[in-house]
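To keep things clear, I will list the structure first and then write my remarks on it.
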Amino acid sequence: MGSKGDLQIALRSLRNVRRMARRLQRVPVDCLRINSSDTADAEYVTEWLGIVLCRVCGQPDVSMPPFKAKAAPVVQFRWFIQKAARQAGAIRRAILLGQISKALLAEKAWEGLDSAETFLGSFLSENVYRKRRRMK
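Residue numbers 17 to 152, in the numbering used here, belong to the letters of the sequence shown in order.
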């Protein structure tokens, strides 16, 4: 990251990822439309953030409760979203504390941060309903 503006963009992107993930955690289940492909996409987001956190930043992965492979897609999705929020927060803290080289972050992490932010933004706009669906 050559300039202070680039660092601010990275911090803003991480803040947006964390904010969107936390918002998805608070959405009631009956306002979400989730299938197995959405769960796979959420897993993709956590994989990208995990790569940035572990390989680029050199930080340990975030602690999480055990993953339940046989659970419903909504439960799995919420687990991945919770992990994404924790990962984004850990990356952001590492940047603010100076534990990450700015040049290394710019070189290797932009794709992952942009991918995570794009997925969460599109998911929020397409699959979250303001009104609850009636249970039949």
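C-beta: ideal position from N, C-alpha, C; glycine also.
Check                                                                                                 : Outcome
C-alpha gap between Arg34 and Ile111, whole angstroms                                                 : 14 Å
Where the alpha helix (DSSP H) through Ser141 begins and ends                                         : 126 to 143
Coil, strand or helix - Leu48 by DSSP                                                                 : strand
Coil, strand or helix - Pro76 by DSSP                                                                 : coil
Gly114: first and last residue of the uninterrupted alpha helix (DSSP H) it sits in                   : Taken as a continuous stretch (DSSP letters only), Gly114 belongs to no alpha helix (DSSP H), as it is neither H nor E.
Cβ neighbours of Gln75 in the same chain (closer than 8 Å, five flanking residues each side left out) : Leu69, Ala106, Ile107, Ala110, Gln115
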